[in-house]
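One structure below.
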Amino acid sequence: MTRTANVVEFADLSPVLKSFIATPRKLYIDGQWVPAASGKTFSTIDPATEQVICEVAAGEREDVDLAAKAAHKAFYEGPWSRMIPAAREAVLLKWADLVEANADSLAELESLDNGKPVFYAKIIDVPAAVQLIRYYAGWTTKIGGT
1 MTRTANVVEF ADLSPVLKSF IATPRKLYID GQWVPAASGK TFSTIDPATE
51 QVICEVAAGE REDVDLAAKA AHKAFYEGPW SRMIPAAREA VLLKWADLVE
101 ANADSLAELE SLDNGKPVFY AKIIDVPAAV QLIRYYAGWT TKIGGT
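Just so we're aligned, residue 1 is where the sequence shown starts under this note's numbering, counting upward by one.
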């Protein structure tokens, strides 16, 4: 494998990322990690090295239908739709805090997935994601239904 400046090599990955990519990635449907209904997967490729990062479940129509039904049920029967706006805001702010707390791992994963230097993922992409989540968290108490 050729070395690309500032791009994470598999040998250089943190233990967290090595563990993450070692497991085939499944679909998250109805609160559980499940394989695609068809059993199909696809390889996600490191664009910097063209090396396979990991296998990912290839969701298709049946999976989308199951996910949409589960989301509908979760919204209407789960706690989110009955939660007061301030509680929704707190959940989203907690998510933003978790993204921020895991910035190193997320930047490393972003670099691996798209080939950009980890440095830029850490100073641009992760903070932008945190800012966006916090922005939308603020809207939970501002939406009036009009």
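The C-beta atom is built at its ideal place from N, Cα and C for all residues, glycine as well.
- Taking residue 35 as the centre and dropping the five residues before and after it, the same chain places the C-beta of 26, 57 closer than 6 Å to its C-beta, in chain order.
- Collapsing the DSSP output to three states places residue 57 in a strand.
- Listed as beta-bridge partners of residue 28 by DSSP are 33.
- In this structure, residue 54 and residue 24 form a Cβ contact; the two beta carbons are roughly 7 Å apart against a cut-off of 8 Å.
- CA-to-CA, the gap between residue 50 and residue 112 works out to about 11 Å.
- Within the same chain, and ignoring the five residues on either side of residue 40 in sequence, the residues whose Cβ sits closer than 6 Å to its Cβ are 58.
- Comparing alpha-carbon positions, the option among 71, 115, 134 lying closest to residue 100 turns out to be 134.
- The beta-carbon distance between residue 14 and residue 105, rounded to whole angstroms, is 7 Å. This is short enough to meet the 8 Å contact definition.
- The Cβ atoms of residue 138 and residue 89 sit closer than 8 Å to each other.
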